[in-house]
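S.K.: Here it is: the structure, laid out below.
Residue numbers (my numbering): 9 to 280.
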């Protein structure tokens, strides 16, 4: 990992999830064929809370996913064939696209091609698709707010945290388990936890810094829970404000994370 745990590299590295300038790999959005409309939030959390400068490409916060699968299969044989045009849905709902080439720019302004429908998100044309109540938007907004509030999430050193399930030795997680990392700044520790599974709840015991959290009764406070941010009347695990006791086993300090729902994110801090 070129970034390692060093803050200096993070000040120059821009992290992008969905943009059209992919230089290799699939030319599709993260949400294409995702398990849910909020799975993209897990990817954005990695951007926001790991080393680097996060850049959220337009539409990521709305779970834009490119053309609908039924349209791809029937009408778009060149989908994901090296072109980035399918990453460019028109968020604000034109009825028709610009005419091709110079024909799209006349003396009076833009010239549309009435023979073609507008390329809107989710198979639409002529529909305004910026929705501040969208499930992904509300979750990402909550994560951005907590990033703004806590400098440790922007400037702290970074360490991935081993996980233990069912009293097993602590180890880095396998595919589909919770992923956790800490950001450390002076005596502050922020713990970020993402459920890497798209359809099942996950949990585990997550290591934290034993020296920073060695006082009797040390706790971490939940300051962000994406499921809660997107769910009125939320009654699930780890609500914002909950205090998690730092426990110890065989010299290791850890907190217990339980029943984190698919692709959801928690942020906890030891110095709220």
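Built from N, CA and C at the ideal position, the CB exists for glycine as well. Treat the numbers as computed from the prediction; the structure is a model and nothing was measured.
Measure from the alpha carbon of residue 207 to the alpha carbon of each residue in 136, 271, 144, then state which is nearest.
M.R.: The count along the chain shown starts at 1 and reaches residue 207 at position 199. Nearest C-alpha to residue 207: 271.
S.K.: For the candidate residues 268, 232, 269, 218, whose alpha-carbon lies nearest to that of residue 253?
M.R.: As a first step, residue 253 must be located in the chain shown, where it is residue number 245. Measuring from the Cα of residue 253, the nearest candidate turns out to be 218.
S.K.: Can you check whether the CB of residue 22 is closer than 7 angstroms to the CB of residue 147?
M.R.: The residue given as residue 147 occupies position 139 in the chain shown. The residue given as residue 22 occupies position 14 in the chain shown. Not in contact: residue 147 and residue 22 (Cβ atoms no closer than 7 angstroms).
S.K.: With a floor of 4 residues, list each alpha helix (DSSP H) that falls wholly inside the region 200-251, ordered by position along the chain.
M.R.: Listed in chain order, they are 234-237.
S.K.: Considering just the uninterrupted stretch of the alpha helix (DSSP H) at residue 147, what are its terminal residues?
M.R.: The residue you call residue 147 lines up with position 139 of the chain shown. From DSSP, the alpha helix (DSSP H) with residue 147 extends over 143-157.
S.K.: From the DSSP output, in three-state form, read off residue 264 for me.
M.R.: Stepping through the chain shown from its first residue, residue 264 is reached at position 256. Strand, per DSSP.
S.K.: Are the CB atoms of residue 51 and residue 25 nearer to each other than 7 angstroms?
M.R.: Position 43 of the chain shown holds residue 51. Position 17 of the chain shown holds residue 25. It is a contact, given that the beta carbons lie within the stated cut-off.
S.K.: State the CB to CB distance for the pair residue 266 and residue 204, rounded to an integer number of angstroms; the pair is presumed to be in contact (CB under 8 angstroms).
M.R.: The residue you call residue 266 lines up with position 258 of the chain shown. The residue you call residue 204 lines up with position 196 of the chain shown. Between residue 204 and residue 266 the Cβ distance is about 16 angstroms, and since that is not below 8 angstroms, they are no contact.
S.K.: Exposed or buried, residue 163, counting other C-beta atoms within 10 Å across all chains shown (16 or more means buried)?
M.R.: Taking the first residue of the chain shown as position 1, residue 163 is located at position 155. That one is exposed.
S.K.: So, using beta-carbon positions, are residue 2 and residue 196 closer together than 7 angstroms?
M.R.: Outside the shown range of the chain (9 to 280) lies residue 2, about which nothing can therefore be said.
S.K.: Which ranges would you report for the alpha helix (DSSP H) in the region 27-80 if only whole runs of at least 4 residues count?
M.R.: As far as the region 27-80 is concerned, its whole alpha helix (DSSP H) runs of at least 4 residues are 48-57.
S.K.: With a CB to CB cut of under 7 angstroms and the five nearest residues on each side skipped, what residues in its chain are close to residue 184?
M.R.: The residue you call residue 184 lines up with position 176 of the chain shown. Within the same chain, residue 184 has close Cβ partners 204, 205.
S.K.: Using 7 angstroms as the threshold, is the C-beta distance between residue 104 and residue 115 below it?
M.R.: Along the chain shown, one-based indexing puts residue 104 at 96. Along the chain shown, one-based indexing puts residue 115 at 107. No.
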